[in-house]
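S.K.: Numbering (this note's numbering), first residue to last: 738 to 875.
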């Protein structure tokens, strides 16, 4: 019985450390999947062409119901191209990428969903282009 307990305990520890290694709480909750940016649950992340001022959202009321803002946790910190600003309508903190507020699309329900690109001609999935490798010259 004790060998089984030790095996289960070791398995539990290794599984938890693997999950912890995949997500560092100090980093913004976004990842690159292929050529797009996704939030921590694996769903696509979008910007809105109606947001004209950097780090300021103009998506309110019905817009916000269909395109929920990607809110930042209280202890989240900006890093690199990711910034955090305070929304005018509710005072909550929202993530932005290169100054553009970030949103999800309400129809993206599960990991891998990213179907809101181009909706109404104003919603854009964030696309990440890989840097071309540099070659050494002789």
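For glycine and all other residues, C-beta sits at the position ideal for the given N, C-alpha and C.
Since we're looking at a predicted model, the values are computed, not measured.
Which residue's Cα is closest to the Cα of residue 839: 850, 821, 856, 846?
M.R.: When only C-alpha atoms are compared, the closest one is 821.
S.K.: On the DSSP letters alone, give me the boundaries of the alpha helix (DSSP H) that residue 798 sits inside.
M.R.: Taken as a continuous stretch (DSSP letters only), the alpha helix (DSSP H) holding residue 798 covers 798-803.
S.K.: Ignore the nearest five residues each way along the sequence and tell me which others in residue 835's own chain have a CB closer than 6 Å to its CB.
M.R.: Excluding sequence neighbours, residue 835 sits near 818.
S.K.: Identify the residues that DSSP records as bridge partners of residue 829: which are they?
M.R.: According to DSSP, which records beta bridges pairwise, residue 829 is partnered with nothing at all.
S.K.: When DSSP labels each residue in this structure, what does residue 867 get in the three-state scheme?
M.R.: Reduced to three states, the DSSP call for residue 867 is coil.
S.K.: Compute the distance between the beta-carbons of residue 766 and residue 777, then report whether it is under 8 Å.
M.R.: Contact flag set, yes.
S.K.: Is residue 832 closer than 8 Å to residue 804 when the C-beta atoms are compared?
M.R.: Their beta carbons are not under 8 Å apart, which means residue 804 does not touch residue 832 by this criterion.
S.K.: Identify the continuous beta strand (DSSP E) that holds residue 821 and give its terminal residues.
M.R.: From DSSP, the beta strand (DSSP E) with residue 821 extends over 819-823.
S.K.: Since residue 842 sits in a beta bridge, which residues does DSSP pair it with?
M.R.: The partner list for residue 842 (beta bridge, DSSP) is empty, contrary to what the question assumes.
S.K.: Excluding five sequence neighbours on each side, which residues of the same chain lie with their C-beta closer than 7 Å to the C-beta of residue 758?
M.R.: Below a pLDDT of 50, predicted positions are generally treated as unreliable, and residue 758, at 42, falls in that range; the measurement from the model is reported next regardless. Counting only Cβ-Cβ distances below 7 Å, and skipping sequence neighbours, we find nothing.
S.K.: Starting from residue 769, trace the beta strand (DSSP E) both ways and give me its first and last residue.
M.R.: Residues 767-770.
S.K.: Contact check, residue 850 vs residue 781 under 8 Å by CB: the rounded distance?
M.R.: So it is a contact: roughly 7 Å between Cβ atoms.
S.K.: Have a look at residue 810 and residue 763 and give me their C-alpha separation to the nearest angstrom.
M.R.: Near 11 Å, if we compare the C-alpha coordinates of residue 763 and residue 810.
S.K.: Buried or exposed: which applies to residue 853, given that a residue is buried once 16 or more other Cβ atoms fall within 10 Å of its Cβ?
M.R.: Under this definition residue 853 is a buried residue.
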